[in-house]
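Going down the list, the protein sequences come from chains A and B.
Just so you know, our numbering puts the end of the first sequence at 745, numbered straight through with nothing missing.
Just so you know, our numbering puts the end of the second sequence at 745, numbered straight through with nothing missing.
Virtual Cβ for every residue (Gly too), placed ideally from N, Cα, C.
Working notes, beginning with the structure itself.
Number of protein chains: 2
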Amino acid sequence: MDSKDKILNAALKLFIREGFHGTSTAKIANEAGISNGTLFHHFKTKEDLINRLYISVKENYKNYLLGQMEPCETTKGKIKQLWNTCVRWNLENKDGATFFAMFANSPYIDKLSKEEASRNFTFISELFQESIDAEVLISVNPNLMISSFHGSVKAFVSFIANNPENLDLDEHIDIAFKMWWRSVANI
Amino acid sequence: MDSKDKILNAALKLFIREGFHGTSTAKIANEAGISNGTLFHHFKTKEDLINRLYISVKENYKNYLLGQMEPCETTKGKIKQLWNTCVRWNLENKDGATFFAMFANSPYIDKLSKEEASRNFTFISELFQESIDAEVLISVNPNLMISSFHGSVKAFVSFIANNPENLDLDEHIDIAFKMWWRSVANI
DNA sequence: GTCTATAAGCTGATAGAC
DNA sequence: GTCTATCAGCTTATAGAC
Numbered sequence: 559m560d561s562k563d564k565i566l567n568a569a570l571k572l573f574i575r576e577g578f579h580g581t582s583t584a585k586i587a588n589e590a591g592i593s594n595g596t597l598f599h600h601f602k603t604k605e606d607l608i609n610r611l612y613i614s615v616k617e618n619y620k621n622y623l624l625g626q627m628e629p630c631e632t633t634k635g636k637i638k639q640l641w642n643t644c645v646r647w648n649l650e651n652k653d654g655a656t657f658f659a660m661f662a663n664s665p666y667i668d669k670l671s672k673e674e675a676s677r678n679f680t681f682i683s684e685l686f687q688e689s690i691d692a693e694v695l696i697s698v699n700p701n702l703m704i705s706s707f708h709g710s711v712k713a714f715v716s717f718i719a720n721n722p723e724n725l726d727l728d729e730h731i732d733i734a735f736k737m738w739w740r741s742v743a744n745i
Numbered sequence: 559m560d561s562k563d564k565i566l567n568a569a570l571k572l573f574i575r576e577g578f579h580g581t582s583t584a585k586i587a588n589e590a591g592i593s594n595g596t597l598f599h600h601f602k603t604k605e606d607l608i609n610r611l612y613i614s615v616k617e618n619y620k621n622y623l624l625g626q627m628e629p630c631e632t633t634k635g636k637i638k639q640l641w642n643t644c645v646r647w648n649l650e651n652k653d654g655a656t657f658f659a660m661f662a663n664s665p666y667i668d669k670l671s672k673e674e675a676s677r678n679f680t681f682i683s684e685l686f687q688e689s690i691d692a693e694v695l696i697s698v699n700p701n702l703m704i705s706s707f708h709g710s711v712k713a714f715v716s717f718i719a720n721n722p723e724n725l726d727l728d729e730h731i732d733i734a735f736k737m738w739w740r741s742v743a744n745i
């Protein structure tokens with residue numbers, strides 16, 4: 559792992575544990591095992607580091623989704639697989655998910671970074687548009703559909719995070735997807 | 559308006575515009591029109607200020623909900639009214655909603671504040687539990703139902719925020735509620 | 001309750017040697 | 001690319017007068 563990645567990993571870990579304010583560049587450098595000067599060789603400013611971290615986590619998310627998706631015949635199957643995979647990334651990458659929750663609306667993330675990051679997820683928009691056109695999904699504003707999708711994923715992940723009883727994960731993933739599917743399926 | 563409220567208002571405004579890190583106590587005091595010393599007379603530390611602000615916004619949310627709710631015969635009517643009212647608070651109090659999104663998962667908000675704030679919302683839990691018992695809502699884990707409810711509200715609000723075309727708000731509120739209702743109604 | 005004055009310590013960032 | 005040394009400025013918080 560090169561220095562840049564060491565720094566990004568250390569920053570993610572510290573930001574979610576102690577917040578942006580509580581995490582100085584010195585702490586990040588220390589956690590990464592490099593010097594403060596080296597940090598500023600790789601990142602122009604602290605804000606630059608935050609933005610690059612944001613883009614990096616988003617890209618990790620995208621690659622996970624594309625890597626896990628298998629060919630699937632039906633439209634419903636494709637969407638279910640996407641939903642499941644989103645949930646699993648969020649559960650397996652809690653640091654990344656928390657970082658999004660903390661910083662997605664924050665002023666530290668500039669508009670350019672947001673646009674660059676969201677450009678990676680156009681394949682989701684396309685899937686929904688196709689599904690609406692094919693009358694598999696109800697005919698509503700596609701952006702409302704996408705908001706509903708992500709909202710459902712986030713709500714389920716937050717439910718799992720806050721209810722650490724020994725409940726059957728696969729069973730509840732199925733229940734939650736079926737609930738969401740009823741709200742958007744064209745039947 | 560007394561100094562304490564002036565400080566809380568100024569802090570909310572600055573936190574969402576410039577972030578926690580970018581907002582010094584001096585800036586807050588200046589925006590509030592009082593001195594830095596006075597700020598520390600009312601709030602023990604900056605972290606104390608953040609936590610008190612969090613509780614204050616949550617309380618404002620609760621009072622809005624309780625104030626707007628009118629007596630309603632049917633269970634579905636009650637839930638629809640609650641959903642609508644939640645959406646309207648989030649749309650009318652964008653600063654508060656953004657503050658939640660930014661800080662709800664953050665380390666600045668301590669556990670005691672979270673508990674104190676969530677204790678105000680037990681009436682929502684009770685409504686859902688009753689509705690499940692009455693077989694108006696499907697029989698799932700009540701916490702999953704609550705997560706789904708808040709997730710649906712947040713998803714809709716985020717859709718409205720990101721799609722500022724001149725779409726009919728009331729019409730879309732109806733559409734979005736109907737979508738969510740299909741996912742939880744016991745029919 | 002409110003103000004001014006003050007300070008110790010930390011912050012992000014730079015310069016320059018290797 | 002990485003390090004050490006360094007700093008100017010800002011940070012939270014306090015003390016004490018009114």
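Taking the C-beta atoms as reference points, leucine 702 of chain A is found no nearer than 8 Å to phenylalanine 735 of chain B. Counting the other Cβ atoms within 10 Å of the Cβ of cysteine 644 of chain A gives 16 or more, which makes it buried. No Cβ of chain B is located within less than 8 Å of the beta carbon of glycine 595 of chain A. Sequence-distant Cβ neighbours of phenylalanine 657 of chain B in its own chain, meaning closer than 7 Å and more than five residues away, are Leu570, Phe573, Ile574 and Val615.
The DSSP-derived three-state label of leucine 695 of chain B is strand. Put simply, the backbone Cα of glycine 625 of chain B is about 12 Å away from that of glutamate 617 of chain B.
Less than 8 Å divides the Cβ of serine 689 of chain A from the Cβ of threonine 633 of chain A. Here the alpha carbons of phenylalanine 679 of chain A and alanine 655 of chain A stand approximately 16 Å from one another. Judged by their CB atoms, tryptophan 641 of chain A and valine 711 of chain A are nearer to each other than the 8 Å cut-off. Runs of beta strand (DSSP E) with 3 or more residues, each lying fully within the stretch 564 to 592 of chain A, are absent.
For alanine 743 of chain A, DSSP records a beta bridge to A/Leu695. Under a 10 Å Cβ-count criterion, threonine 581 of chain B is classified as buried, with 16 or more other Cβ atoms of the shown protein chains found around its own Cβ. Counting the other CB atoms within 10 Å of its CB gives isoleucine 608 of chain A a total of 16 or more, which places it among the buried residues. Distance from the CA atom of phenylalanine 601 of chain B to the CA atom of serine 741 of chain B, rounded to whole angstroms, is 45 Å.
In this structure, methionine 660 of chain A lies near asparagine 663 of chain B, with their beta-carbon atoms less than 8 Å apart.
In the three-state reduction of the DSSP assignment, threonine 632 of chain A falls in the coil class. Residues of the stretch 646 to 677 of chain B with a Cβ closer than 7 Å to any Cβ of chain A, in chain order: Thr656, Ala659, Met660, Asn663, Ser664, Pro665 and Tyr666.
Here methionine 737 of chain A is buried. Its C-beta has 16 or more other C-beta atoms within 10 Å.
Going by DSSP, glutamate 674 of chain A is part of the alpha helix (DSSP H) stretching over 669 to 676. For serine 561 of chain A, no Cβ of chain B is located within less than 8 Å of the residue's own Cβ. In this structure, DSSP gives threonine 656 of chain B a helical state, which the three-state scheme calls helix.
Using beta-carbon distances, lysine 564 of chain B does not count as an interface residue toward chain A, since no partner is under 8 Å. The beta carbon of isoleucine 586 of chain A lies closer than 8 Å to those of Ile565, Ala568, Ala569, Leu572, Leu597 and Leu607 in the same chain, with the five residues before and after it left out. Per the C-alpha coordinates, the member of A/Glu684, A/Lys672 and A/Gly635 positioned closest to aspartate 732 of chain A is A/Gly635. Of all residues in the stretch 564 to 594 of chain B, only Ile574, Arg575, Glu576, Gly577, Phe578, His579 and Gly580 come within less than 9 Å of chain A when Cβ atoms are compared, listed by chain position. Contact check for histidine 708 of chain B and alanine 713 of chain A: beta-carbon distance about 7 Å, within the 8 Å limit, so the pair qualifies. Look at arginine 740 of chain B: its C-beta is under 8 Å from a C-beta on chain A.
Remark: C-beta atoms of alanine 743 of chain A and leucine 695 of chain A approach each other more closely than 8 Å. For lysine 712 of chain B, the three-state secondary structure derived from DSSP is helix. With distances taken between CA atoms, tyrosine 612 of chain A lies nearest to A/Tyr666 out of A/Val715, A/Asn648 and A/Tyr666.
Cβ-Cβ separation between isoleucine 704 of chain B and serine 671 of chain B: approximately 20 Å, too far for a contact (criterion under 8 Å). In the DSSP assignment, leucine 725 of chain B falls outside any alpha helix (DSSP H), carrying neither H nor E. Going by C-alpha positions, leucine 649 of chain A is about 34 Å away from asparagine 621 of chain B. If you look at phenylalanine 598 of chain A, you'll find it in the alpha helix (DSSP H) that goes 594 to 600.
For serine 614 of chain B, the uninterrupted alpha helix (DSSP H) segment begins and ends at 604 to 626.
By the neighbour-count criterion, in which 16 or more other beta carbons inside 10 Å mark a residue as buried, phenylalanine 578 of chain B falls on the buried side.
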